[in-house]
Amino acid sequence: MKTSRLAANSILAAACTILGYFALDLGNIKISFEALPIFVAACLFGAYDAALVSLVGTGLYQLLRYGITVTTPLWILPYFAAAIFVGIISKRYEYDLKMPALLIVFVLAELIITGFNTLALYVDSKIFQYYTPGFITAVLALRLGLAAVKGILFSALLPPLMPSI
């Protein structure tokens, strides 16, 4: 890996950490843009780099915000899975995703993140008794809607950002 690519991945991982740390937390609804740097890495460099950005970025965020717990890997997994997904699709399109494919990929990636986060919430609810399964499912439709909106927003934000990166 070249030094410039390593530096870019480091900056993207740091941005992921910062964007996650300054998320808007409303109970079990979290509104953040921490996936955007991961998607940038996936679109520029592919699944491997995006996976590294997601592991370092969300790993640092989890460490700083919550410390290390039994379920920490479950909170990192959603972004890792989305990184792999977007990276594989991006490579298939020769790192030149355009609309409407970009929109579809980002919405699906955000839904993947929400699905895995819901699993993490459920496991947390069983281990630590934070939430009841009823509370988790009560806001699931809202969380899925927010995921779709974030995917749409990211697909609108990324094309103007890419030339400057």
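Letter by letter, the sequence shown follows residues 1 to 165 in the numbering used here.
The beta-carbon is built from N, C-alpha and C at its ideal position, and this holds for glycine as well.
For the pair V40 and Y61, the Cα-to-Cα distance works out to about 18 angstroms. Classified as buried, D49 has 16 or more neighbouring CB atoms from the shown chains inside 10 Å of its CB.
Assignment of L74 by DSSP, reduced to helix, strand and coil, places it in the helix class. For T114, the CB contacts under 7 angstroms within the same chain, skipping 5 residues up- and downstream, are R143, L144 and A147 in chain order. Going by beta carbons, G151 and A109 fall inside the 8 angstroms limit. A8 sits away from I38, with the two beta carbons spaced by 8 angstroms or more. A direct Cα-Cα distance of roughly 30 angstroms separates V105 from G134. When secondary structure is reduced to three states using DSSP, L97 falls in the coil class, being assigned neither helix nor strand.
Here K30 carries a strand assignment [DSSP, helix/strand/coil].
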